[in-house]
Each structure stands twice: as structure tokens, then as C-alpha cells.
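Note that the protein sequences, when read in sequence, are chains A and B. Number 62 in the working numbering belongs to position 62 of the first sequence; there are no gaps in the numbering. Number 129 in the working numbering belongs to position 9 of the second sequence; there are no gaps in the numbering. Just below is one structure, and these are the notes that go with it.
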Amino acid sequence: VQLVESGGRVVQPGTSLRLSCAASGFRFNDYGMHWVRQAPGKGLEWVAVILYDGTNRQYGDSVKGRFTISRDNSKKQVFLQMNSLRVEDTAVYYCAKELHSSYPTGLDVWGLGTTVTVSS
Amino acid sequence: DVQLTQSPSFLSASVGDRVTITCRASQSISTYLAWYQQKSGKAPKLLIYAASTLESGVPSRFSGGGSGREFSLTINGLQPEDFATYYCQQVNSYPRFPFGPGTKVDIK
């Protein structure tokens with residue numbers, strides 16, 4: 001069971017970036033998927049979730065209206081489209097899998113993270 | 121939205137100690153709470169879900185308890201590998217899944 005994030009890099013404020021997370025080793029289309037971020041030296045911040053079939057998506061207040069989570073079950077991937085990036089979006093971004101397929105109980109599989117740096 | 125607080129934010133302990141971390145919710149979340157351990161530079165690891173259920177493979181020295189608004193994570197017999205930062209997370213279905221601010225457990 002593995003998650004591998006990619007797409008993080010250094011970008012300027014106001015620009016866009018798309019992160020990807022490739023899943024393997026489990027029935028991807030059975031599970032909700034989350035993005036969680038961690039700014040340098042700070043705690044964990046929940047960013048977004050997408051239901052197993054993509055029909056429901058929710059966002060944290062700090063990214064709502066700027067970030068979009070999506071998934072491609074045929075390719076076992078989840079994405080985070082980040083627009084209008086701000087300096088405060090600088091963080092390591094993790095994707096994570098829900099423990100249970102039926103309802104949220106916790107996040108049991110995490111990727112290694114991908115680093116996004118927003119700087120002029 | 122539910123807000124989570126943790127106490128203490130930092131604690132210093134010795135190998136073999138029993139330590140307890142508290143997580144409080146701004147409103148009742150039943151037992152929809154998970155606990156994670158994060159070591160420096162690593163991804164978080166799920167320890168406890170549904171407030172008190174030990175995740176597979178997690179040592180039995182870890183235990184969780186509580187319901188409603190107050191929860192606890194206890195480590196009985198702290199081991200060298202347990203020095204890390206611990207986070208609680210509310211998982212009470214949608215639309216938000218906030219984390220607590222974290223508790224760093226350091227070596228005395």
C-alpha cells in the first residue's frame with residue numbers, strides 16, 4: 001500500500017500549481033482521499049477531502065475557493081489544483097487515505113509529501 | 121466548525137514514564153477522534169481511531185480514551201522511539217477534519 005506525491009516546486013505568488021498523488025496496493029476507488037499540509041515548523045493543517053466516487057469534495061477555510069481536489073479512479077490518482085497561490089501556502093503537502101471505506105475514522109496511509117514553496 | 125485544543129503543548133519525560141496528552145473539542149464529537157504520531161521530517165502515523173481503538177501494528181503501550189468533548193492519549197512506559205509530536209484529529213464526517221495544534225514529547 002503506497003501513496004506517492006509529486007508536482008511540488010518553487011512558484012511565485014499568484015500563480016498556479018497542480019499536485020498529483022499516485023496510489024497503489026489497495027482498491028483506490030473504495031476510499032476517500034485527503035490532502036494535508038504542514039508549513040515549515042508548524043503543525044498539520046487539513047486541506048481537502050474527496051469522496052471515493054468524487055461526488056463530494058470539501059475544503060479547509062484557508063484554501064476554499066482557490067484549491068480544487070479531484071481524482072481519476074481509472075488511473076488511481078488524486079490531484080490538488082492550487083490557484084492564486086500565496087506565500088502562506090508554502091508547505092509540505094501530503095496525500096492520505098481514509099482507514100475505512102464506509103465512513104471517516106482516520107487516515108492510515110500517507111505519502112512522503114511534496115514541497116511547495118511560494119516566494120517572489 | 122469544531123476547534124480542537126491540546127494540552128500540554130510540550131512535555132518533557134523520561135524513558136519508562138507514563139504520559140497523558142489531552143485533546144478537547146469545542147463541541148461534542150462523540151468518539152470521532154483519531155491520534156497520530158509524527159517524527160521530525162516524516163509523515164504522520166495513525167495510532168488510534170474512534171477515540172480508543174488501536175490501529176493495527178501499534179504497540180499496546182499506547183491507549184486512547186474519552187468521548188464527547190474530552191479525549192486522552194496515554195503512553196504507558198515511554199520508549200526512546202516515542203519521542204515525537206502527537207496530534208489529534210476530528211473525523212466527525214464532513215465537512216471538516218481539523219487537527220489539534222500538537223503536543224511535542226521530548227526527552228528529559
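From the three backbone atoms N, C-alpha and C, an ideal C-beta is built for every residue, glycine too.
In this structure, DSSP gives Asn-196 (chain B) an extended state, which the three-state scheme calls strand. Each of B:Val-178, B:Lys-228, B:Gln-126, B:Thr-151 was checked against the Cα of Gly-188 (chain B), and the nearest Cα belongs to B:Thr-151. Assigned with DSSP and collapsed to three states, Phe-203 (chain B) falls in coil, not helix or strand.
Non-local beta-carbon contacts of Ser-101 (chain A) in its own chain, meaning distances under 6 Å to residues more than five positions away in sequence, involve Asp-30, Tyr-31 in chain order. In the three-state DSSP reduction, Glu-175 (chain B) falls in the coil class, being neither helix nor strand. Sorting B:Gln-209, B:Ser-146, B:Phe-191, B:Val-122 by C-alpha distance to the C-alpha of Gly-43 (chain A) places B:Gln-209 at the top. With respect to the 8 Å criterion, Gly-111 (chain A) and Leu-3 (chain A) are classified as neighbours on the basis of their beta carbons. Pairwise C-beta distances place the segment 134–150 of chain B in contact with the segment 182–200 of chain B, as three or more of them are shorter than 8 Å. Of all residues in the segment 148–179 of chain B, the ones placed with a Cβ closer than 7 Å to any Cβ belonging to chain A are Ala-154, Ala-163, Pro-164, Leu-166, Tyr-169, Ala-170, Glu-175, in chain order. DSSP places Val-87 (chain A) within a helical segment (H, G or I) once states are collapsed to three. For Thr-15 (chain A), there is no enclosing beta strand (DSSP E), as DSSP gives it neither H nor E. Using a CB distance cut-off of 8 Å, Gln-58 (chain A) counts as an interface residue toward chain B. The beta carbon of Gly-106 (chain A) lies closer than 7 Å to those of Leu-99 in the same chain, with the five residues before and after it left out. With contacts defined as CB atoms closer than 8 Å, Arg-37 (chain A) and Val-49 (chain A) fail to qualify as a contacting pair. Counting only runs that start and end inside the segment 25–113 of chain A, the beta strand (DSSP E) elements of at least 3 residues fall at 33–38, 44–50, 57–59, 67–72, 77–82, 91–98, 107–110. Following the DSSP letters along the chain, one finds Ser-6 (chain A) inside the beta strand (DSSP E) bounded by residues 2–6.
Distance from Thr-90 (chain A) to Gln-81 (chain A) at the Cβ level is roughly 17 Å; contact not present, criterion being Cβ atoms closer than 8 Å. Judged by DSSP in its simplified three-state form, Tyr-152 (chain B) adopts coil rather than helix or strand. A residue is called buried when at least 16 other Cβ atoms come within 10 angstroms of its Cβ; Ala-39 (chain A) does not meet this threshold and is exposed.
For Thr-115 (chain A), the closest of A:Val-11, A:Val-92, A:Gly-41 by C-alpha to C-alpha distance is A:Val-92. Each of B:Arg-138, B:Lys-159, B:Gln-123 was checked against the Cα of Gln-147 (chain B), and the nearest Cα belongs to B:Gln-123.
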